[in-house]
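2 protein chains.
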Amino acid sequence: MENQKIILANRPKGAPSIDNFAFETAEIKALQDGEILLKSLVVSVDPYMRGRMSDAKSYVAPYEVGSAITGGIVAEVVESKHNDFSKGAVVVGNLPWQKYTVHNGEGLNQVNPDVAPLSYHLGILGMPGLTAYFGLLHIGDPKPGETVVVSGAAGAVGTIVGQLAKIKGCRVVGVAGSDDKIAYLKDELGFDEAINYKTAEDINQAIADACPDGVDVYFDNVGGEISDAVYYVINKFARIAICGQISYYNNTSPATGLRVEPILLKKSALMKGFIVSDFAKDFGTAAKDLAGWVKDGKLQYQETITEGFENIPHAFLGLFTGENTGKQLVKVADREV
Amino acid sequence: MENQKIILANRPKGAPSIDNFAFETAEIKALQDGEILLKSLVVSVDPYMRGRMSDAKSYVAPYEVGSAITGGIVAEVVESKHNDFSKGAVVVGNLPWQKYTVHNGEGLNQVNPDVAPLSYHLGILGMPGLTAYFGLLHIGDPKPGETVVVSGAAGAVGTIVGQLAKIKGCRVVGVAGSDDKIAYLKDELGFDEAINYKTAEDINQAIADACPDGVDVYFDNVGGEISDAVYYVINKFARIAICGQISYYNNTSPATGLRVEPILLKKSALMKGFIVSDFAKDFGTAAKDLAGWVKDGKLQYQETITEGFENIPHAFLGLFTGENTGKQLVKVADREV
Numbered sequence: 066m067e068n069q070k071i072i073l074a075n076r077p078k079g080a081p082s083i084d085n086f087a088f089e090t091a092e093i094k095a096l097q098d099g100e101i102l103l104k105s106l107v108v109s110v111d112p113y114m115r116g117r118m119s120d121a122k123s124y125v126a127p128y129e130v131g132s133a134i135t136g137g138i139v140a141e142v143v144e145s146k147h148n149d150f151s152k153g154a155v156v157v158g159n160l161p162w163q164k165y166t167v168h169n170g171e172g173l174n175q176v177n178p179d180v181a182p183l184s185y186h187l188g189i190l191g192m193p194g195l196t197a198y199f200g201l202l203h204i205g206d207p208k209p210g211e212t213v214v215v216s217g218a219a220g221a222v223g224t225i226v227g228q229l230a231k232i233k234g235c236r237v238v239g240v241a242g243s244d245d246k247i248a249y250l251k252d253e254l255g256f257d258e259a260i261n262y263k264t265a266e267d268i269n270q271a272i273a274d275a276c277p278d279g280v281d282v283y284f285d286n287v288g289g290e291i292s293d294a295v296y297y298v299i300n301k302f303a304r305i306a307i308c309g310q311i312s313y314y315n316n317t318s319p320a321t322g323l324r325v326e327p328i329l330l331k332k333s334a335l336m337k338g339f340i341v342s343d344f345a346k347d348f349g350t351a352a353k354d355l356a357g358w359v360k361d362g363k364l365q366y367q368e369t370i371t372e373g374f375e376n377i378p379h380a381f382l383g384l385f386t387g388e389n390t391g392k393q394l395v396k397v398a399d400r401e402v
Numbered sequence: 066m067e068n069q070k071i072i073l074a075n076r077p078k079g080a081p082s083i084d085n086f087a088f089e090t091a092e093i094k095a096l097q098d099g100e101i102l103l104k105s106l107v108v109s110v111d112p113y114m115r116g117r118m119s120d121a122k123s124y125v126a127p128y129e130v131g132s133a134i135t136g137g138i139v140a141e142v143v144e145s146k147h148n149d150f151s152k153g154a155v156v157v158g159n160l161p162w163q164k165y166t167v168h169n170g171e172g173l174n175q176v177n178p179d180v181a182p183l184s185y186h187l188g189i190l191g192m193p194g195l196t197a198y199f200g201l202l203h204i205g206d207p208k209p210g211e212t213v214v215v216s217g218a219a220g221a222v223g224t225i226v227g228q229l230a231k232i233k234g235c236r237v238v239g240v241a242g243s244d245d246k247i248a249y250l251k252d253e254l255g256f257d258e259a260i261n262y263k264t265a266e267d268i269n270q271a272i273a274d275a276c277p278d279g280v281d282v283y284f285d286n287v288g289g290e291i292s293d294a295v296y297y298v299i300n301k302f303a304r305i306a307i308c309g310q311i312s313y314y315n316n317t318s319p320a321t322g323l324r325v326e327p328i329l330l331k332k333s334a335l336m337k338g339f340i341v342s343d344f345a346k347d348f349g350t351a352a353k354d355l356a357g358w359v360k361d362g363k364l365q366y367q368e369t370i371t372e373g374f375e376n377i378p379h380a381f382l383g384l385f386t387g388e389n390t391g392k393q394l395v396k397v398a399d400r401e402v
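Have a look at this one:
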């Protein structure tokens with residue numbers, strides 16, 4: 066059984082190119098107790114990987130020159146000496162760009178391969194979909210007729226949040242940063258209102274106008290002035306899910322601004338921070354729900370699938386030239402079972 | 066049946082005196098449909114009433130000269146033409162200092178007269194007790210061995226919060242504003258630690274030192290820098306109940322300061338504002354629990370009971386000369402049934 070890997074051959078200067086990658090053969094060590102042999106089935110290529118190809122400090126470590134690139138991969142367990150993983154099981158995790166990988170199982174999530182195409186577990190049923198699902202449905206708990214506001218609305222998470230809120234019968238207002246995004250949210254995804262915060266004359270007034278009945282649920286990816294504008298019009302018993310606070314990520318000291326506590330007090334409102342892994346025990350149920358809504362056409366999800374392990378670098382480079390529509394994936398192999 | 070009332074005869078200048086009050090006979094109108102006749106049983110006299118005797122603007126309206134003083138009263142329904150109130154029912158509400166009152170029922174809470182002495186419904190089983198109960202137990206949800214911090218710890222609510230947290234097996238840290246209060250919390254009420262925020266050299270360090278395992282539950286009556294000091298050491302999945310934000314009450318514009326949202330995100334923490342009436346449907350259960358803990362000696366509650374309607378003004382004036390230990394009440398009549 067031959068194994069191959071794709072390594073970072075050298076760091077890109079400016080735009081990445083095919084020369085930054087190299088193919089190498091890789092050995093497959095004999096399995097020890099507590100290990101599994103994984104066969105890569107579907108590989109995710111993502112824009113954030115460009116950052117890891119550089120040597121600069123970031124919130125994730127840079128890739129090492131000479132080592133395999135790593136990223137989201139759906140793989141099949143083809144041999145197992147691990148009690149928690151059976152042969153034929155399908156897992157998702159952060160894995161090297163290799164045809165086969167020996168692994169100890171840590172950090173892998175087993176998924177049900179029958180609920181949806183395997184590729185979905187790297188997108189709509191993966192981190193963005195699950196994050197939207199739990200933040201909106203478990204923390205926001207939206208009721209039909211309520212108003213839901215989502216910031217960072219055109220992002221991977223925000224687009225799903227808005228669609229889930231529509232499925233739940235809510236009025237949905239998105240906040241995003243370009244007119245193209247606003248048009249996409251309203252015309253393609255069915256948001257009731259969308260606000261370009263960069264061009265709004267008065268963001269407080271814009272939010273208030275878009276939410277004449279106040280705000281019952283706020284899904285926040287951003288923080289800062291957009292959040293303040295929402296806080297001013299939350300209703301009694303509002304629920305606020307804090308998913309991201311990107312407006313503060315470059316701060317060098319703790320963020321300051323409007324105190325939300327007196328507003329939460331006055332409105333008997335709830336605010337909850339979360340990370341998707343908090344809800345790991347319910348991933349299976351969530352994936353089933355999400356897959357059902359995609360199948361029923363209630364949840365839009367687009368992907369572009371390239372075929373072949375050898376085409377992973379090309380698929381990655383295509384992200385920067387706009388070759389993909391929706392999520393870009395590479396199919397590497399079929400399941401054995 | 067003769068009725069009497071106590072009116073504000075004139076406004077005090079400085080300390081209130083017996084001359085500020087006058088007794089008058091009052092008529093008892095015939096009941097209309099939807100009305101009840103209440104017999105006052107126990108009357109609460111409270112320091113805040115001094116404020117209402119003046120003409121100054123405050124968060125509650127001043128009493129009117131010539132009208133009956135009003136306050137917390139436990140009363141019995143002795144006649145009813147109201148579907149929701151049966152003869153013999155016991156209610157608590159804001160009622161005039163009268164022996165009998167005709168009322169439409171709005172704003173009254175019916176209480177179970179069998180769980181505890183009736184006077185308890187004006188204190189430990191009343192607003193302070195219920196506020197502590199729901200904020201700590203329903204929002205804070207403390208587990209044995211967890212660390213609970215309460216600000217405004219020596220107040221009517223804070224003293225109960227701390228004792229309830231001890232009942233739940235927690236390490237309890239109180240924050241208050243005098244050494245006498247600190248000694249009371251530690252020596253009398255069994256708090257594990259108490260911090261005088263006015264004399265602490267560095268409140269952040271003081272909180273961190275008192276909470277070596279971090280903070281799992283924070284019951285906040287205060288806001289501001291005390292809260293910030295707690296936020297810096299909250300644990301993953303911490304719960305923060307916002308009961309009061311007294312440090313901002315005199316602000317003329319929205320409060321600003323540390324943004325708590327990024328901290329809630331990083332710690333997957335929950336923050337919830339509330340007012341005791343949010344939990345009205347569970348008042349009965351709460352009163353039973355609280356009464357049981359008082360009976361078992363687990364929850365300290367002291368009261369001084371004066372006898373007789375005619376002694377209400379004296380009991381009130383005694384608040385300002387330190388004649389009471391704990392909560393001051395006046396017993397006006399026995400139940401008829």
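Which chain is which? The protein sequence lines are A and B, in order. Start counting the first sequence at 66; every next residue gets the next number (my numbering). Start counting the second sequence at 66; every next residue gets the next number (my numbering). Where is the CB? At the ideal position from N, CA and C, for every residue including glycine.
Cβ distance (whole Å) where residue i is taken to contact residue j below 8 Å
i, j, result
"Lys146 (chain B)", "Leu96 (chain B)", "5 Å"
"Gly99 (chain B)", "Asn169 (chain B)", "6 Å"
"Asn261 (chain B)", "Ile247 (chain B)", "5 Å"
"Glu405 (chain A)", "Gly288 (chain B)", "Nothing about residue 405 (chain A) can be reported from this structure: the residues present for chain A run from 66 to 402 only."
"Gly205 (chain B)", "Val213 (chain B)", "7 Å"
"Gln393 (chain B)", "Leu382 (chain B)", "Contact flag wrong, Cβ pair sits at about 10 Å."
"Phe348 (chain A)", "Asn174 (chain A)", "6 Å"
"Asp111 (chain B)", "Gly136 (chain B)", "6 Å"
Those residues which DSSP pairs with residue i across a bridge
i, result
"Glu141 (chain B)", "B:Lys104, B:Val155"
"Pro193 (chain A)", "In the DSSP output, where bridge partners are listed per residue, Pro193 (chain A) has none listed."
"Phe86 (chain B)", "B:Leu73"
"Pro161 (chain A)", "A:Thr135"
"Ser408 (chain B)", "No statement about residue 408 (chain B) is possible, as the shown extent of chain B runs from 66 to 402 and does not include it."
"Val176 (chain A)", "A:Val155"
"Lys337 (chain A)", "A:Ala306, B:Leu335"
"Val298 (chain A)", "Paired residues: none, contrary to the question."
"Val368 (chain A)", "At residue 368 (chain A) the sequence reads Glu, which differs from the Val that was named. In the DSSP output, where bridge partners are listed per residue, Glu368 (chain A) has A:Lys392."
Check whether residue i and residue j have beta carbons under 7 Å apart
i, j, result
"Gly234 (chain B)", "Leu250 (chain B)", "no"
"Glu141 (chain B)", "Val155 (chain B)", "yes"
"Val295 (chain A)", "Gly279 (chain A)", "no"
"Leu201 (chain A)", "Leu229 (chain A)", "yes"
"Val395 (chain B)", "Ala380 (chain B)", "yes"
"Val139 (chain A)", "Val107 (chain A)", "yes"
"Val222 (chain B)", "Ala197 (chain B)", "yes"
"Met192 (chain A)", "Val359 (chain A)", "no"
"Glu89 (chain A)", "Ile72 (chain A)", "yes"
"Pro127 (chain B)", "Arg115 (chain B)", "no"
"Thr321 (chain A)", "Leu323 (chain B)", "yes"
"Leu190 (chain B)", "Leu355 (chain B)", "yes"
"Ala306 (chain A)", "Asp281 (chain A)", "no"
"Asn85 (chain A)", "Pro77 (chain A)", "yes"
"Ala334 (chain A)", "Leu195 (chain A)", "no"
"Ala275 (chain A)", "Glu258 (chain A)", "yes"
"Lys231 (chain B)", "Ala133 (chain B)", "no"
Partners in chain B for residue i, counting only beta-carbon separations shorter than 9 Å
i, result
"Val282 (chain A)", "Within chain B, no residue comes near Val282 (chain A); the closest Cβ sits about 15 Å away, beyond 9 Å."
Per-residue contacts from residue i into chain B (C-beta, under 7 Å)
i, result
"Asp343 (chain A)", "Ser333"
Contact list for residue i against chain A, beta-carbon separation under 9 Å
i, result
"Val325 (chain B)", "Arg324, Val325, Glu326, Met336"
Contacts that residue i makes with chain A (C-beta to C-beta distance below 8 Å)
i, result
"Ile291 (chain B)", "In chain order: nothing, as chain A lies at least about 12 Å away."
"Thr321 (chain B)", "Thr321, Gly322, Leu323, Arg324"
"Gly200 (chain B)", "The premise fails here: Gly200 (chain B) is roughly 11 Å from chain A at the closest Cβ pair, so nothing lies under 8 Å."
Under 8 Å from the C-beta of residue i: neighbouring residues of chain B
i, result
"Phe88 (chain A)", "Correct list: empty, because the minimum Cβ distance to chain B is about 40 Å."
"Phe339 (chain A)", "Leu330, Ser333"
"Gly288 (chain A)", "Arg324, Glu326, Pro327"
- Message: At a CB distance below 9 Å, what residues from the stretch 241–256 of chain A approach chain B? Give them in sequence order.
- Response: Taking 9 Å as the upper bound on Cβ-Cβ separation, chain B lies near no residue of the stretch 241–256 of chain A.
- Task: Name, going along the chain, the residues of the stretch 254–279 of chain B whose beta-carbon falls closer than 7 Å to a beta-carbon of chain A.
- Result: Under the 7 Å Cβ criterion, the stretch 254–279 of chain B contributes no residue.
- Item | Chain-ordered residues of the stretch 306–318 of chain B with a beta carbon less than 8 Å from chain A | Across the stretch 306–318 of chain B, CB contacts with chain A closer than 8 Å involve Ile307, Cys308, Gly309, Gln310, Tyr313, in sequence order along the chain.
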